[in-house]
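If you read the sequence shown in my numbering, its first letter stands for residue 11, the second for the next number, and so on. Note that beta-carbon positions come from the ideal geometry of N, C-alpha and C, so glycine has one too.
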Amino acid sequence: MKNKKDLELQHYSLCLIPVPVYLISTMDNNDTYNIAPYGMVIPVSYNPLIISVGSAKNRDTYRNILETNEFVLNIPGIELLRKVNKTADPIPSEEDEFIHANLTPIKSLVVKPPRIEECKAHLECETIWIKEVSNDAENRVIITAKVVALSLDEDIFIKNLCKQKGLMKPLFYEGKSYFTLGSYVGNRKMR
Ligand SMILES: Cc1cc2nc3c(=O)[nH]c(=O)nc-3n(C[C@H](O)[C@H](O)[C@H](O)COP(=O)(O)O)c2cc1C
């Protein structure tokens, strides 16, 4: 038998797989734009396309989603790493984070918050429900939302998914470190 090491819960980073990084764009009721990086984002259904997002309550992103029920999940490539970090700066709610991070807002297809031009793909979302994570994590919520529109940079509209993910160069995050995709290791037909 292999030797296993017991760990304190605080060492969770050693046991988790890095999470993919999205930039969430939102708007408040005064039409102020906001952007924040989020890693706790996971599809929970493909058909219909439904996504869950884990958020702290003290985020402008959460407050804006609560107010407007709409947001966009934008996928940045590794070349945006520094700008991703800028969007995590704690700046006043009334400041436009597109200006702060030098990113470009473009009109979304369906929802009111804009897409981020520099990102590679965009999932426009409408909230279905928001729930507290648990009684002992009272500052945390799960936002579950339906994807109502999808768009993608034309140059990565490629049917070969292996090549497409390589070109997308997505960011992953764990323990304050960023990673990108590793290598292609096989497919679903392999036994
Ligand atoms: C790569 C990365 C991923 C993050 N993921 C999350 C997340 O999933 N949930 C969350 O509540 N905060 C997350 N944060 C922290 C927020 O992005 C950060 O607190 C940000 O300032 C919130 O901005 P806002 O108040 O404009 O929404 C993450 C930060 C980074 C750098």
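{"Check": "Reducing DSSP to helix, strand and coil, say where leucine 33 ends up.", "Outcome": "strand"}
{"Check": "Could you tell me whether the region 92-104 touches the region 165-180, where touching means 3 or more Cβ pairs closer than 8 Å?", "Outcome": "no"}
{"Check": "Once you ignore the five residues that flank glycine 49 on each side, which residues in its own chain have a CB closer than 6 Å to its CB?", "Outcome": "Val29, Val31 and Tyr183"}
{"Check": "Decide if the region 58-76 is in contact with the region 150-160; the criterion is three or more beta carbon pairs, one per stretch, under 8 Å apart.", "Outcome": "yes"}
{"Check": "Can you determine whether any heavy atom of ligand 1 sits closer than 8 Å to the C-beta of valine 54, and answer yes or no?", "Outcome": "no"}
{"Check": "Only counting runs of 3 or more residues, tell me where the beta strand (DSSP E) segments fall wholly within the region 126-177, in order along the chain.", "Outcome": "131-142 and 150-162"}
{"Check": "Please state the DSSP three-state secondary structure of tyrosine 194.", "Outcome": "coil"}
{"Check": "Under 8 Å, with one C-beta from each stretch per pair, do the region 37-54 and the region 138-146 reach the 3-pair mark?", "Outcome": "no"}
{"Check": "Could you pull the start and end residues of the beta strand (DSSP E) that isoleucine 52 belongs to?", "Outcome": "51-55"}
{"Check": "Report yes if the CB atom of tyrosine 72 is closer than 9 Å to the CB atom of isoleucine 168, and no otherwise.", "Outcome": "no"}
{"Check": "Looking only at its chain, what residues have a beta carbon closer than 7 Å to the beta carbon of valine 94, apart from the 5 residues adjacent to it on each side?", "Outcome": "Val31, Leu33, Pro47, Pro86 and Leu181"}
{"Check": "By a C-beta neighbour count over all protein chains shown, 10 Å radius and 16 as the cutoff for buried, is serine 23 buried or exposed?", "Outcome": "exposed"}
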